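Going by this note's numbering, 25 is the number at position 36 of the sequence shown; the sequence numbering is gapless.
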Amino acid sequence: MTGPELPTDTGPAPQARPVPRWVAPLFGALAALTVPWAGYLAATLPRHAVVAHYRAAWVGFDIGLVVALALTAVLAYRGHRRVAMAATATAVLLLVDAWFDVTTTPYGPDLLFSAALALVVELPLAGLCLWIAWHSDRVVQRRLRRPPPRTRPPDGGPPAPDRVHRGTH
């Protein structure tokens, strides 16, 4: 017995592409070029550094996170189709926040607190944001396929017909 057949088509039809063809090779090249850069930084950056604007960096970052969380809340409340973009941005900010909270905190009780906050709050919330982004796209697609609801006229009469035929037959 064999498994299910895998589709042989490896991509969307040309007219259905969400982005131009040059985007994939560009971002593939950028990813490949970033690997040696990360290696260079790993070998050359100092193990310890004094940061002149540490407080401003964190406060500014957290203000950006608040804006992303609030935007996600507002767009979700309104049922706006762009909630996926806000939720994705919020997820990224939460993941970056967790990473830097843990990696910039010295060993000791503060590190345990940062790790616990990352595991209990930031990472699960980032997962929820990604779930919102994934499922909001499906909801929008379903909404686009569904005919609009029939509405009642202001006088409370019967609903308007789904289709209006004009002209003679």
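Beta carbons: idealized from backbone N, C-alpha and C, even for Gly.
Computed from a predicted structure; not experimentally measured.
Secondary structure at Gly28: helix, using DSSP grouped into helix, strand and coil.
For Val72, same chain residues with a beta-carbon under 7 Å away, outside a window of 5 residues either side, are Thr61, Leu64, Ala65, Ile121, Ser125 in chain order. When Cβ pairs closer than 8 Å are counted between the two stretches, the segment 100 to 108 is seen not to touch the segment 40 to 56, the count staying below three. Along the segment 18 to 67, the alpha helix (DSSP H) occurs as fully enclosed runs of 4 or more residues at 43 to 67, listed in sequence order. In this structure, Thr79 places its C-beta atom within 8 Å of the C-beta atom of Leu58.
Across the structure, Leu15 and Pro7 are spaced so that their CA atoms are roughly 15 Å apart.
Distance between Trp26 and Gly17, taken at the CA atoms: about 15 Å. DSSP places Asp144 outside any alpha helix (DSSP H), giving it a letter other than H or E. Rounded to the nearest whole angstrom, the CA to CA distance from Arg131 to Val85 is 32 Å.
Taken through DSSP and simplified to helix, strand or coil, Val8 comes out as coil. CA-CA distance, Cys118 to Asp144, rounds to 43 Å.
Nearest in C-alpha terms to Arg127, of all of Arg44, Phe89, His69, Pro113, is His69.
In chain order, Leu54, Ala57 place their CB closer than 6 Å to the CB of Leu82, counting only its own chain and leaving out the 5 sequence neighbours on each side. In the three-state reduction of the DSSP assignment, Thr93 falls in the coil class, being assigned neither a helical nor a strand state. In terms of Cα proximity to Asp90, the closest of Ala41, Val110, Leu30 is Val110.
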